[in-house]
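Colleague: Which chain is which? The protein sequence lines are A and B, in order. Its first residue numbered 1, the first sequence is counted upward by one per residue in my numbering. Its first residue numbered 1001, the second sequence is counted upward by one per residue in my numbering. The C-beta atom is built at its ideal place from N, Cα and C for all residues, glycine as well. Dropping a structure here in C-alpha cells format, bear with me for questions.
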Amino acid sequence: MAERKRETAVVLSQEQLAEGIFSMWIQTEAAKSAAPGQFISMYTNDSSKLLPRPISICEIDRKNSRLRVVYRVTGENTGTEQFSRMKAGDTLPVIGPLGNGFPLEAGKGKRVFLMGGGIGVPPILELAKELECEEKQIVVGYRDADTFLREEFEQNGKVYISTEDGSVGTQGNVMDAIREEQLSADLIYACGPMPMLRAIKYYAEEHEIECYISLEERMACGIGACLGCVCKTKEKDHHSNVNNARICKDGPVFLASEVEI
Amino acid sequence: MDMRVNIAGVEWKNPVTVASGTFGSGAEFEAFVDLNRLGAVTTKGVANIPWEGNPTPRVAEVASGMMNAVGLQNPGIDLFCKRDIPFLRKYDTKIIVNVCGRSEEDYCEVVERLADEDVDMLEINISCPNVKEGGIAFGQNPVAAEQITKAVKRYAKQPVIMKLSPNVTDIAEMARAVEAGGADAVSLINTLTGMKIDIHRRQFVLANRTGGVSGPAIHPIAVRMVYQVAHAVKVPIIGMGGIANATDAIEMLLAGASAVSVGTVNFHNPAVTMEIVDGIQAYMKRYGFEHISDMVGIV
C-alpha cells in the first residue's frame, strides 16, 4: 500500500540536440523498472504549473538508475522550456515509469519496422536497443537536416531517414521512405504525430501486419484517474465500459487494430 | 485530539475526502495513498447507463489550475456496483458515491439502485458545466434544485449531499433551496466555467470549447462561497475548490466547512491528501483544538 510516490529526480546532464529539441539524463528510481515505450510524468518547480508533463523515455540505464528524456520545447514560458533551462545538479519531481510500453516479445524472429516521427522519434531509440528480432529496420522522419539521435540509431540497426524538406534521405515522411526503399516487414512499432500513425495503421491493415502504435493526448493525472486522455477503441473497453481507453494507463502503446484514430 | 467529524449522521475518521472526478474510485491512487487514512473517498460520478463523455482534448492547464471537459464519462451503475464498491470496501474509509444524470428519472434510478448497496453517502452532481443536458440545468435554478433534491430524497436510503455550482448569482439561495428540498448536506464548489484559446492555431483548446476551471486559482472564490453558505443553511458543508495543502483546508474549515475535499492537486501530488490530514492534526496541536468541530466556522 502506498508503495509508489512522486520522487525527486536529479538532472545529470542537459544538451540541445536540434532546434527546440533537448536531451536530459536524470537520476531516478523510475529507471529501475522502466521499459521501452513507457513515459514519466515530469513536474516543473513552478507552482503555477500544476500538471505533470508526460515525457517519453528515450534511453534507460537500469544499473545506474538513470533515464534519458529527449523532448521538444513547446513554446515560451511553457513547462518544457523550464526543463530546458535546468542544469546538472538541479532537481525536479517525477513519477514513473508510467503506462505500457512496446511488447518486445512480439519481435522474436520477425522483420520489424521501428518507426518514429518528429518528437515521436526518441522512444524508438530504447526500443531499438532492446529489441531482439530477425531484421531491425529503423525508419525515422524529421522536418529537416536536424536528424537528432541518428548516430545512436545507426549503432542499433539499419536506418532509413525521411525529411520533409528532402535535405536528408527520402523527401517526405516515413511512409515515403518505406516505398522509396521498397522495404517490407511483418511487425511494426511506431510513435509519432497522428497523421503518421493513421497512415501506418492503414498500411498495416492493408498488408495484414501486426502493428503497435504509441498514442499521445493531453493528460492531467497520468495515472488513469482523470479520464482526460482517452482514445476511441474498436471494442468496448474493459475498464471504461464504453469505447474509450485511457492513453496514460491502458496505453500509450496500443495494438493499432484495437484503436480508432 | 479528535479528528472525527460527523456529516449528516455519518462519522468520518477525519475531515478529508477527495473531490469527485479527481480520484476515480480510488484504484488508481491505491499505490500512492493509503486509502485507510482518508475520512471518505468520493467517487467519480456514475450514471444509470455508461456515458462516453466528450471528445478530446478534454483537459488543459491554466495558471495555478486546470480546465476539464471530460463530460462525465462513466461505466454506468451496474459495473460500478460490481467492481468499485467491493474495491473500496476493502478499506476503512467511508464511501461517497457521486451521482450524475441527464434527467430527474436518471438521478432517481441511480439513487434507487444504490439504496441497498453498501455505501455511506450520496453526492448528487447538479453542477457539472460540461454536459449539455441535466447536470447544470438543475444547479442554476433554485426551483429545479429543490425539486431534484426532493425527488432523490424519496429514493435515497443514505444521506444526500447536494453538490453546488459556483456558476450562479447567489450560491446561498441555491443552498437554501436544496436544504428546503431535504438535502442532508451540501458540497461546494464545483468548477467555474472557463475558456482557453490557442492563439497560434486560433482555435479552442478544449474540444468542448468551454470547461470547468479548478485548482488553487479558484480557492479564494470557494472560501468566500463556503462562508456565504455557512451563514445561509444549517446542514453541514463539505468545502472544496483548489485546496492544495493543510493551510487551504484549514481555511475552509474556519470559513464554515465541516469537512473538505481535495481535487485537482491530487494530479500535482498524488499523496497530498495524507499530507493534509497530517497538517490539520499539527495545526490542532499547535493551537489547542480538541475537536475538528471546534474550528468549524469560527471566523
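#1: Looking at the strands, I want to know which residues DSSP matches up with M1067(B).
#2: Pull the bridge partners of S65(A) from the DSSP assignment, please.
#3: If we cut at 8 Å on Cβ distances, does H1219(B) have a partner in chain A?
#4: Tell me whether I21(A) sits in a helix, a strand or coil according to DSSP, three-state version.
#5: Is A1144(B) helix, strand or coil by DSSP?
#6: In terms of alpha-carbon separation, which member of N1125(B), R1176(B), C1100(B), K1094(B) lies closest to D1118(B)?
#7: Checking the sheet assignment: what are the DSSP bridge partners for A1185(B)?
#8: Reducing DSSP to helix, strand and coil, say where T1149(B) ends up.
#9: Can you tell me whether V1119(B) is helix, strand or coil according to DSSP?
#10: Which value, in whole angstroms, describes the spacing of the CA atoms of I223(A) and F39(A)?
#11: Across the segment 133-149 of chain A and the segment 158-167 of chain A, are there enough close Cβ pairs to call them in contact, namely three or more that are closer than 8 Å?
#12: Let me see if you follow: with CB-CB separation under 8 Å, is T1043(B) close to chain A or not?
#13: Any contact between the segment 99-106 of chain A and the segment 66-75 of chain A? By contact I mean 3 or more CB pairs, one from each, below 8 Å.
#14: Grouping DSSP H, G and I as helix and E and B as strand, with all else coil, what is Y1091(B)?
#15: Roughly how many whole angstroms lie between the Cα atoms of H239(A) and Q171(A)?
#16: I'd like to know if F950(B) contacts chain A, where contact means its C-beta is closer than 8 Å to some C-beta of that chain.
#17: F1289(B) versus chain A: which residues are under 7 Å apart at the beta carbon?
#18: At least one CB of chain A closer than 8 Å to the CB of T1056(B): is that the case?
#19: Give the residues from the segment 1057-1087 of chain B that approach chain A closer than 7 Å (Cβ to any Cβ), ordered along the chain.
#20: Under a three-way DSSP split, which group does L104(A) fall into?
#21: What does N243(A) touch in chain B if you count any residue whose Cβ is under 9 Å from its own?
#22: Return the CA-CA distance between V1186(B) and A1259(B), expressed in angstroms with no decimal places.
#23: Counting along the chain, where does the alpha helix (DSSP H) carrying R179(A) start and finish?
#24: Please state whether DSSP places T1193(B) in a helix, a strand or coil.
#25: Shortest alpha-carbon distance to E1179(B) belongs to which of P1220(B), A1144(B), V1168(B), F1204(B)?
#26: Grab me the residues of Q1281(B)'s own chain with a C-beta within less than 7 Å of its C-beta, minus the 5 sequence neighbours each way, in chain order.
#27: Give me, in chain order, the residues of the same chain whose beta-carbon lies closer than 7 Å to that of I60(A); leave out the 5 immediate sequence neighbours on both sides.
#28: Over what stretch of residues does the alpha helix (DSSP H) that includes R150(A) continue unbroken?
#29: Which residues of chain A have a Cβ atom closer than 8 Å to the Cβ of T1022(B), listed in chain order?
#30: Could you check whether M115(A) and G192(A) sit closer than 8 Å to each other, using their CB atoms as the reference points?
#31: Give the single residue among M1067(B), G1256(B), A1137(B) whose Cα lies nearest to the Cα of G1215(B).
#32: Three or more C-beta pairs under 8 Å: does that hold for the segment 1248-1262 of chain B against the segment 1282-1298 of chain B?
#33: At the 8 Å Cβ level, is R68(A) part of the contact set with chain B, yes or no?
#34: Since A1100(B) contacts C1128(B) with CB under 8 Å, what's their CB separation in whole angstroms?
#35: Should V1041(B) and G1053(B) be called a contact, given that it needs their Cβ atoms to be closer than 8 Å?
#36: Are the segment 196-213 of chain A and the segment 15-22 of chain A touching by the rule of at least three beta carbon pairs closer than 8 Å?
Modeller: For this structure:
#1: Within the DSSP bridge table, the entry for M1067(B) names A1060(B), V1213(B) as partners.
#2: Answer is none; S65(A) lacks a bridge partner.
#3: no
#4: DSSP places I21(A) in strand when its eight states are reduced to three.
#5: helix
#6: K1094(B)
#7: Residue pairing of A1185(B) in beta bridges, as defined by DSSP: I1161(B).
#8: helix
#9: Reduced to three states, the DSSP call for V1119(B) is coil.
#10: 11 Å
#11: Yes, the segment 133-149 of chain A is in contact with the segment 158-167 of chain A.
#12: no
#13: no
#14: coil
#15: 42 Å
#16: Residue 950(B) cannot be examined here, being either before or after the span of chain B that is shown, 1001 to 1299.
#17: In chain order: nothing, as chain A lies at least about 27 Å away.
#18: yes
#19: P1057, R1058, V1059, A1060, E1061, A1063, S1064, G1065, M1066, N1068, V1070, Q1073, P1075, G1076, L1079
#20: helix
#21: E1052
#22: 11 Å
#23: 174-181
#24: Of the three classes helix, strand and coil, the one that applies to T1193(B) here is strand, per DSSP.
#25: The option with the nearest alpha carbon to E1179(B) is A1144(B).
#26: So the qualifying residues of the chain are M1001, M1003.
#27: The residues are A31, A34, L67, E126.
#28: 150-154
#29: C221, A225, C226
#30: yes
#31: M1067(B)
#32: yes
#33: Judged by the 8 Å Cβ criterion, R68(A) is not in contact with chain B.
#34: The amino acid occupying residue 1100(B) in the given sequence is Cys; Ala does not appear at that position. That belief holds up - the Cβ atoms of C1100(B) and C1128(B) are roughly 6 Å apart, short of 8 Å.
#35: no
#36: no
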